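Note that UniProt numbering has the sequence shown beginning at 1, numbered continuously upward.
Note sheet for the following structure.
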Amino acid sequence: VEPSNVLGAFGLSLLTKEKDLERIFGEHGKLESVTIIYDHGTGKSRGFGFITFADQDNAAAAKKALDGLVLNDRQMRVDYSLTHKPHHPTPGRYMG
């Protein structure tokens, strides 16, 4: 996966909220957005989210520092997002 300013955080606890990710990722640079993906049927976290940094170097530093971190009793995997654009929650309905 190519380096970018967008990171994915995977393996998140259902208890982890956007403010938790803002706090720990924000220590590594200015954030543009933080989004946890939720199941629209249940309203529960799907266990992953996306963090968009203003600067790619800060994203790289955060990835190096936070990959493998235990947050809310779950080990988080951090990697570059496959897409280089900020992620938005899905609308929860068929769009085709």
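For glycine and all other residues, C-beta sits at the position ideal for the given N, C-alpha and C.
Predicted model only: the values in this text are computed from it and were never measured.
Judged by DSSP secondary structure, L66 falls within the alpha helix (DSSP H) whose first and last residues are Q56 to L66. The DSSP-derived three-state label of E18 is helix. Remark: C-beta atoms of A54 and K30 approach each other more closely than 8 Å.
Less than 8 Å divides the Cβ of F50 from the Cβ of L7. For F10, DSSP records a beta bridge to F48 and R77. T35 sits away from L71, with the two beta carbons spaced by 8 Å or more.
The beta carbons of L14 and S45 sit closer together than 8 Å. Counting along the chain, L31 sits inside the beta strand (DSSP E) bounded by residues L31 to Y38.
The residues G8, A9, F10, L12 and I37, in chain order, have a CB closer than 7 Å to that of F48 in the same chain once the five nearest residues on each side in sequence are set aside. Its Cα nearest to that of E27, the residue A60 stands out among Q75, A60, L82 and D39.
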